[in-house]
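Residue numbers (our numbering): 191 to 348.
Take a look at the structure below.
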């Protein structure tokens with residue numbers, strides 16, 4: 191919490207903060223891979239930390255999950271580096287960092303295509319795109335509830 195006068199403000203991480211952390215840890219990567227990694231950070235934060243990691247919504251695009259607020263910062267770029275993203279990693283608490291590190295450990299060495307293919311095989315993306323033709327544009331939201339329900343069923347924490 192930040193104290194400003196007598197008002198306490200909670201600094202909630204944004205998707206940009208998470209993306210910046212990923213880029214600082216892993217170095218430059220494709221925009222598609224970055225989008226999938228922030229998606230998995232959000233998904234596993236819902237399961238392990240019982241809270242969203244960031245407040246921005248995720249949409250079920252043809253290429254897999256995309257956070258439009260992050261996309262705006264890398265639009266038109268194939269490769270993204272930390273200088274493209276105006277995030278602030280200092281707002282990430284220990285639980286958030288631990289979750290991001292676990293996501294990096296499992297997904298970090300995977301290719302963008304592998305990650306995209308994985309998201310396409312999972313219920314949150316498939317259900318959000320239900321009735322949408324393959325490859326068609328779609329802005330349907332992948333809800334936090336859908337992510338929490340699906341990834342909780344995969345978790346071995348319980």
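Beta carbons are placed, not taken as given, at the ideal position from N, Cα and C, and that holds for glycine.
In the structure shown, residue 219 falls within a strand segment according to DSSP collapsed to helix, strand and coil. With fewer than 16 other Cβ atoms inside 10 Å of its own Cβ, residue 269 counts as exposed. Inter-residue distance for residue 299 and residue 292 is about 12 Å (C-alpha atoms, whole angstroms).
The residues 236 and 242, in chain order, have a CB closer than 7 Å to that of residue 334 in the same chain once the five nearest residues on each side in sequence are set aside. Secondary structure within the region 236 to 282: the alpha helix (DSSP H) runs of 4 or more consecutive residues, fully enclosed, are 258 to 264 (chain order). Residue 271 and residue 295 have their C-alpha atoms roughly 19 Å apart. Look at the region 283 to 325 and you find these whole runs of alpha helix (DSSP H), each 4 residues long or longer: 284 to 297, 302 to 311 and 313 to 318. When the alpha-carbon of residue 262 is set against those of 254, 324, 342 and 275, the nearest one is in 275. Rounded to the nearest whole angstrom, the C-alpha separation of residue 217 and residue 273 is 11 Å. Between residue 204 and residue 277, the gap from beta carbon to beta carbon is short of 8 Å. If you look at residue 343, you'll find it in the alpha helix (DSSP H) that goes 334 to 344.
Between the alpha carbons of residue 288 and residue 322 lies a distance of about 36 Å. Taking the C-beta atoms as reference points, residue 256 is found no nearer than 8 Å to residue 214. Counting of Cβ neighbours within 10 angstroms places residue 266 among the exposed residues, the total staying below 16.
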